[in-house]
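Down below is the structure, laid out as structure tokens.
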Amino acid sequence: MKRLQRWWADCPPYILAFLLLATPVAAVQPDEMLADPVLEARAREISRDIRCPVCQGETIDDSNAPISRDLRIIIRERLVAGDTDEEAVDYIVARYGEGVLFKPRATGSNLILWLAGPALLLVGVGVAVASGRRRGMVPEAALSEAEEARLEEILKK
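Structure, rendered in structure tokens:
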């Protein structure tokens, strides 16, 4: 602990400034935020599960893309209009498709993707068990008397 305190005290100011700038910043602008903290918290919760259509690897809360801003505003408008969280998400999915969800729903054609992994695992285990049993079922061939004599002769050398 003292080493860390000493490092912190001896650290040049430009490194401290860089560390402060490197902290993650949400892209939500103050003009987007709702006055009601409960609705804002719901909007943030929904935004964490929606992928930016442009960035693909970021949530719309973290993305600075204009489409992400539009999606954040749409979500807040839907919540102010009285939609539930599910209705707001359904509205976004209806417009942009299932690809905007970080956690796709396990329904319809997505069900195939959700079940493919466990199914392939079970098939692999089945093949491994079957091949293991087959190897165990093959009887070991007994050596003839001539082969046993030859083996003993080789081992004695």
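FYI, in mature numbering (1 follows the signal peptide of the UniProt record, and there is no 0) the residues of the sequence shown are -27 to -1, 1 to 130. Glycine included, each C-beta is placed from N, C-alpha and C at the ideal position. Treat the numbers as computed from the prediction; the structure is a model and nothing was measured.
Exercise for the section: Could you check what DSSP says for L74 in three-state terms: helix, strand or coil? Expected result: What you label residue 74 is simply residue 101 of the sequence shown in a count that begins at 1. L74: strand per DSSP, three-state reduction.
Practice task
Using the DSSP secondary-structure output, state which residues sit across from I40 in a beta bridge.
Solution key: Start at 1 with the first residue of the sequence shown, and residue 40 comes out as number 67. DSSP, once it has assigned bridges, lists no residue as partnering I40.
Exercise for the section: Could you say which of R123, S36, A103 lies nearest to V27 if we only look at CA atoms? Expected result: Counting from 1 along the sequence shown, the entry for residue 27 is found at position 54. Residue S36 is the option with its Cα nearest to V27.
Exercise for the section: Thinking D22 and L74 are a contact (beta carbons under 8 Å), I'd like their distance in whole angstroms, please. Expected result: In the sequence shown, counting from the first residue as 1, residue 22 sits at position 49. In the sequence shown, counting from the first residue as 1, residue 74 sits at position 101. 6 Å between Cβ atoms; contact.
Practice task
Report all residues from its chain with a CB closer than 6 Å to the CB of A16; omit the five preceding and five following residues, and keep chain order.
Solution key: Against the sequence shown, residue 16 aligns to sequence position 43. I48, R49, L52, listed in sequence order.
Problem - R24, DSSP secondary structure in three states - result: Residue 24 sits at position 51 when you count from the first residue of the sequence shown. In the structure shown, R24 sits in a strand (DSSP, three-state: E or B).
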